[in-house]
Amino acid sequence: MSHCARIIGTGGYMPETIRTNEEISQLVDTSDSWIVERTGIKTRRIAGPEETAASMAEIAATQAIDMAGIDANEIDLIIVATGSPDRVYPSTGCLLQKRLDIKNCVAFDVQAACSGSIFAMSIADQYIKSGAANKVLVVGSEICSRLVDWTDRSTCILFGDGAGAVLLESSGEAGILSTHIHSDASYEDMLYCPNPQVATDSKKDEQGFISMKGSEVFKVAVNTLGRIVDETLEANGLDKSRIDWLVPHQANIRIIAATAKKLKMSMDRVVLTLENQGNTSSASVLLAFNEAVRDGRIQRGQIVLLEAFGAGFTWGSALIKY
Ligand code: ACO
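534 is the number of the first residue of the sequence shown in our numbering; add one for each residue after it.
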C-alpha cells in the first residue's frame, strides 16, 4: 500500500468557561431535565472574549504536531474546517499558518457546517493518495456561541465552542481506508446562519444567528447517517461487526444512538463527548477522536468509523484503520 493517509498526531482544545443547563434556563424558558432528555447535553464550553477560531486551532494543532514529533515546517497543507472564521479573509487556515510560523505551505478553509472536518479529511486524503502532499494538518475550530441567539431556546441549548486536530502523513501502512461526502442543498432553509453584511436586500434584516427547524433536521439526520454507514461498509466490503469504534458528530444523543443501533454497536463502543461539550460543529468529531486516542480507548490497528451531518445539508464519513 502506498500513499495512504495515516494519522500521526491528534489534538483538542476546549475553552475554560463552562455554561450549564441551569445557567441557560436563566436566559430562556427551558430546564436541565428537558435539555438532558432531548439532547443528552449537560454543559458546554464558551470561548473567552479574546479567543477565536484561529487561536483555538493553534492549541489543538500544536498538540497534534507535538504528538507526531515533527517540525511544523514539514507540513505541506493546512485545511481548517470552520463556520465561524476570524475573518471573511484571510482564511483561518492562513491565520493558523502564521501562528504556527510555517514559512511555505498551502492553507485554506472548508465550509461544510458540522460535516466540515470530515470534508477536510476527505480532501486531505485525496491530496495524500495522489502524492500531491506528504503531511497535512486538518483542524476543525468553532466559536458557535457567537453565532447563537441566546434568546432562542431551540438552538442556544445545543452548541458549544472548541477545536480538534489531526495530522496526517503519507505512509505505506494503513490509515484512512475511505471517505464519503455528500451535499443536498434542497434542505438549505432547514438549518442556516445568515451573513447580514453581504445579504441581498430581501434578506438584509436577518440577524447573523443560527436558525434551525430542529425536528425536521433530526429526522433527515437519522435517515442520512444510516445510509452513509451502509455506503461506507459496502465500499470497503466490511461487515458492521468489524468496526471497533464509532466516533459520531456530537449533535444529539438520540441521533447517535440510532446510528449505533443500525451498526448493532453497544454504546460503550461509541465515543461520546456531547454531555460536557454540546455540539461544537466541525470540531466535534476531531475532539471526540482526540479524546479517545489520548485516553487509550482507540488503539493502533483498530477500525474506526467517523461520521457527521450538518447544514447544507452536508454529510459524510471516514473509515480509518488507526
Ligand atoms: N426547552 C423546552 N422546550 C423546548 C425547547 C427547550 N430548549 N426547545 C423547544 N422546545 C419545545 C418546542 O417549542 C415544542 O413545543 P410544542 O410541542 O409546544 O410546540 C416542543 O419542545 C418539542 O419541540 P421539538 O423541536 O419537536 O423537539 P425535539 O424533540 O425535536 O428536540 C432538538 C429538539 C433537540 C433541537 C432536536 O430536534 C435536534 O437535536 N435536532 C437535530 C439537530 C442537529 O442534528 N443539527 C445538525 C447539526 S448542527 C449544524 O450543522 C450547525
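C-beta atoms are modelled at their ideal positions from N, C-alpha and C, and glycine is treated no differently.
If you're wondering where the values come from, they're calculated on a predicted model, not measured in any experiment.
(message) Can you give me the C-alpha to C-alpha distance between residue 609 and residue 712, rounded to a whole angstrom?
(response) The residue given as residue 609 occupies position 76 in the sequence shown. The residue given as residue 712 occupies position 179 in the sequence shown. If I take the Cα positions, the gap works out to 21 Å.
(request) With DSSP collapsed to three states, give me the class of residue 822. (result) Within the sequence shown, the letter at position 289 stands for residue 822. Assigned with DSSP and collapsed to three states, residue 822 falls in helix.
(message) Within a Cβ cutoff of 7 Å, which residues of the same chain sit near residue 562, ignoring the five residues on either side of it in sequence?
(response) Along the sequence shown, read from residue 1 onward, the residue named residue 562 stands at position 29. Scanning its chain for C-beta atoms nearer than 7 Å, with the 5 sequence neighbours on each side dropped, one finds around residue 562 the residues 686, in chain order.
(message) What does DSSP give as the partner residue(s) for residue 537 in the beta ladder?
(response) Position 4 of the sequence shown holds residue 537. Note: residue 537 is bridge-paired with 704 in the DSSP secondary-structure output.
(message) I'd like to check one pair, residue 674 with residue 597: are the Cβ atoms closer than 8 Å?
(response) In the sequence shown, residue 597 corresponds to position 64, counting from 1. In the sequence shown, residue 674 corresponds to position 141, counting from 1. No, the pair does not count as a contact, with Cβ atoms beyond the cut-off.
(request) Compute every distance between the C-beta of residue 663 and the non-hydrogen atoms of the ligand ACO, then say whether any falls below 7 Å. (result) Against the sequence shown, residue 663 aligns to sequence position 130. False, no ligand heavy atom lies under 7 Å from that Cβ.
(message) On the DSSP bridge list, what partners appear for residue 551?
(response) Indexing the sequence shown from 1 puts residue 551 at position 18. Residue pairing by DSSP places residue 551 opposite 578 in a beta bridge.
(request) Would you give the residue range spanned by the alpha helix (DSSP H) that residue 751 belongs to? (result) To locate residue 751, count along the sequence shown from 1; it is residue 218. Unbroken alpha helix (DSSP H) run through residue 751: 747-768.
(request) Please list, in chain order, all residues of the same chain as residue 697 whose beta carbon is under 6 Å from its beta carbon, the five residues on each side excluded. (result) The sequence position of residue 697 within the sequence shown is 164, counting from 1. The beta carbon of residue 697 lies closer than 6 Å to those of 545, 593, 673, 816, 819, 820 and 823 in the same chain, with the five residues before and after it left out.
(message) Are the CB atoms of residue 579 and residue 678 within a distance shorter than 8 Å?
(response) Indexing the sequence shown from 1 puts residue 678 at position 145. Indexing the sequence shown from 1 puts residue 579 at position 46. In this structure, residue 579 lies closer than 8 Å to residue 678 by Cβ.
(request) Can you check DSSP and say which residues form a bridge with residue 842? (result) Against the sequence shown, residue 842 aligns to sequence position 309. Per DSSP, 848.
(request) Check whether the region 567-585 touches the region 546-554, taking contact to mean three or more Cβ pairs, one atom from each stretch, closer than 8 Å. (result) Contact between the region 567-585 and the region 546-554 is present, because at least three Cβ pairs lie under 8 Å.
(message) Quick check on residue 732: buried or exposed, where buried means 16 or more other Cβ atoms within 10 Å of its Cβ?
(response) Locating residue 732 in the sequence shown gives position 199, counting from the first residue. When all chains shown are included, residue 732 counts as exposed.
(message) Going by DSSP in three states, residue 683 sits in which element: helix, strand or coil?
(response) Numbered from 1 along the sequence shown, position 150 holds the residue referred to as residue 683. If DSSP states are grouped into helix, strand and coil, residue 683 belongs with coil.
(request) Count the other C-beta atoms from every protein chain shown that fall within 10 angstroms of the C-beta of residue 728, then say buried if there are 16 or more, exposed otherwise. (result) Counted from its first residue, the sequence shown places residue 728 at position 195. By the neighbour-count rule (16 or more Cβ atoms within 10 Å), residue 728 is not buried but exposed.
(request) Return the CA-CA distance between residue 814 and residue 705, expressed in angstroms with no decimal places. (result) Looking up residue 814 in the sequence shown gives position 281. Looking up residue 705 in the sequence shown gives position 172. Spanning the alpha carbons of residue 814 and residue 705 requires a straight line of approximately 32 Å.
(message) Any heavy atom of the ligand ACO closer than 7 Å to the beta-carbon of residue 647?
(response) Walking along the sequence shown from the start, residue 647 turns up at place 114. Yes, the ligand ACO has a heavy atom inside 7 Å of this Cβ.
(request) Rank 695, 737, 846 and 830 by C-alpha distance to the C-alpha of residue 750 and give the top, closest one. (result) On the sequence shown, residue 750 is found 217 positions in, with the first residue counted as 1. Of 695, 737, 846 and 830, the residue nearest in Cα terms is 846.
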